[in-house]
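Notes follow the structure.
Residue numbers (the working numbering): -11 to 140.
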């Protein structure tokens, strides 16, 4: 990247831009850590921004807890009207599973990977699968399916 003074020296990032990038990285990693097959696309960032993103990623990897939360062996039924209840209701009615877009359209659930992670902690056997969009190139999404065989 060339600065206004026509040098190749990378310019410093402002605090506002650092915060904006950190928020984007954390959003991407929330999905990744919830087994949503996420990742950060570095092609849209400058060299300095990419270095900052990588330092954010290492900070996330180093500071996240090593041990997973305790999970229940017997699934506990969530309260009616909660997002967890609505997700399970949708998954039971659709044997093909649920995507983030469907959760947003049906119940305005914005953070499906987090809710799926919480349902797993409650003991629900939910399988994550990765799919590629049939018409758009390089567009991947996660689909969550309730494992009915494990419930029997």
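Backbone N, C-alpha and C fix where the C-beta goes; we use that ideal spot for every residue, glycine too. It should be emphasised that the depicted structure is a prediction, and the values quoted were computed from it without experimental measurement.
- For residue 136, the three-state secondary structure derived from DSSP is helix.
- A contact between stretches requires three or more CB pairs, one per stretch, nearer than 8 Å, and the segment 72 to 90 meets this requirement with the segment 121 to 140.
- Relative to the Cα of residue 103, the nearest Cα in the group 120, 88, 82 belongs to 88.
- Residue 89 sits in a helix when the DSSP states are folded into three classes.
- Around the CB of residue 122, fewer than 16 other CB atoms lie within 10 Å, so the residue is classed as exposed.
- Rounded to the nearest whole angstrom, the C-alpha separation of residue 111 and residue 2 is 44 Å.
- Scanning its chain for C-beta atoms nearer than 6 Å, with the 5 sequence neighbours on each side dropped, one finds around residue 86 the residues 78, 79, 132, in chain order.
- Leaving aside the five residues that flank residue 120 on each side, the residues in its chain whose CB is nearer than 6 Å to its CB run, in chain order, 128.
- For the pair residue 138 and residue 101, the CB atoms are not nearer than the 7 Å cut-off.
- As far as DSSP is concerned, residue 12 takes part in no beta bridge.
- For residue 131, the three-state secondary structure derived from DSSP is strand.
- Each residue's CA atom was taken as its position, placing residue 91 and residue 97 some 5 Å apart.
- Contact annotation, residue 95 with residue 71: C-beta distance approximately 7 Å; criterion of less than 8 Å satisfied.
- Classified as exposed, residue 83 has fewer than 16 neighbouring CB atoms from the shown chains inside 10 Å of its CB.
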